[in-house]
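In our numbering, the protein residues as written are 3 to 170. Backbone N, C-alpha and C define an ideal beta-carbon position, used for all residues, glycine too. Here the structure is a predicted model, which means the values were calculated and not measured. A short worksheet on the structure shown next.
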């Protein structure tokens, strides 16, 4: 308990100190999504603010953007999504145009549990997500894999949790 208290006091001192060894520009100080203007359920066409963040004009900026999006798709912290989404993005990102990149960013900004339930058909996605071309392509791939590699009776009924309940 004492070490926790000392840690809190140390953090408080650092946050309230007048001197700063590293100056962070105010544009980078927030911890929000990297591409501002993307809400989880906004339509792709209304994200005009994204066009200034997506720079595909030269090879270096394109490489950085692709690497960043590839990393975000492979390192979500949800193993199943890391594998499914990461592989799909690795296969398709180099053929995407700016509109496709915006759609990918919208999918990457979704919460993991919701995205997994929507991709696997456990729940119905909102209309704005359902019309996203990247979501649709990944969703089709996941459902095709499920249909070809597992029997329907071994999966949860759409909209129902994947659990067996015994009735006594």
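Could you tell me the boundaries of the alpha helix (DSSP H) in which residue i lies?
i: residue 103; result: 100-110
i: residue 96; result: From DSSP, residue 96 is part of no alpha helix (DSSP H); its letter is neither H nor E.
i: residue 78; result: From DSSP, residue 78 is part of no alpha helix (DSSP H); its letter is neither H nor E.
i: residue 57; result: Taken as a continuous stretch (DSSP letters only), residue 57 belongs to no alpha helix (DSSP H), as it is neither H nor E.
i: residue 158; result: Run containing residue 158: none; DSSP gives neither H nor E here.
i: residue 128; result: No alpha helix (DSSP H) holds residue 128; DSSP gives it neither H nor E.
i: residue 150; result: 135-151
Closer than 6 Å by C-beta to residue i: which residues in its own chain qualify, once you throw out the five before and the five after it? Chain order, please.
i: residue 125; result: 119
i: residue 103; result: 56
i: residue 160; result: 123
i: residue 137; result: 109 and 131
i: residue 133; result: none
Measure the C-alpha to C-alpha separation of residue i and residue j and round it to an integer number of angstroms.
i: residue 64; j: residue 129; result: 30 Å
i: residue 135; j: residue 152; result: 25 Å
i: residue 149; j: residue 131; result: 22 Å
i: residue 79; j: residue 98; result: 25 Å
i: residue 66; j: residue 158; result: 40 Å
i: residue 77; j: residue 101; result: 23 Å
i: residue 105; j: residue 139; result: 11 Å
i: residue 147; j: residue 121; result: 11 Å
i: residue 62; j: residue 156; result: 47 Å
i: residue 70; j: residue 58; result: 13 Å
i: residue 60; j: residue 68; result: 12 Å
Below 8 Å CB to CB, which residues in the same chain sit around residue i once its five sequence neighbours on both sides are set aside?
i: residue 31; result: Bear in mind that the predicted position of residue 31 carries a pLDDT of just 42, short of 50, making it unreliable; the figure below should be weighed with that in mind. Nothing meets the Cβ criterion.
i: residue 72; result: 88, 91, 92 and 95
i: residue 114; result: 78, 79, 80 and 83
Does the distance from the CB of residue i to the CB of residue j come in under 9 Å?
i: residue 144; j: residue 86; result: yes
i: residue 2; j: residue 83; result: As shown, the chain starts at 3 and ends at 170. That puts residue 2 outside it, with no answer to give.
i: residue 141; j: residue 154; result: no
Among the residues of its own chain, which have a CB less than 7 Å from the CB of residue i, if the five just before and after it don't count?
i: residue 74; result: 110
i: residue 23; result: In this prediction, residue 23 scores a pLDDT of 46, lower than 50, which makes its location untrustworthy; the coordinate-derived value is nonetheless stated afterwards. Correct list: empty, nothing qualifies.
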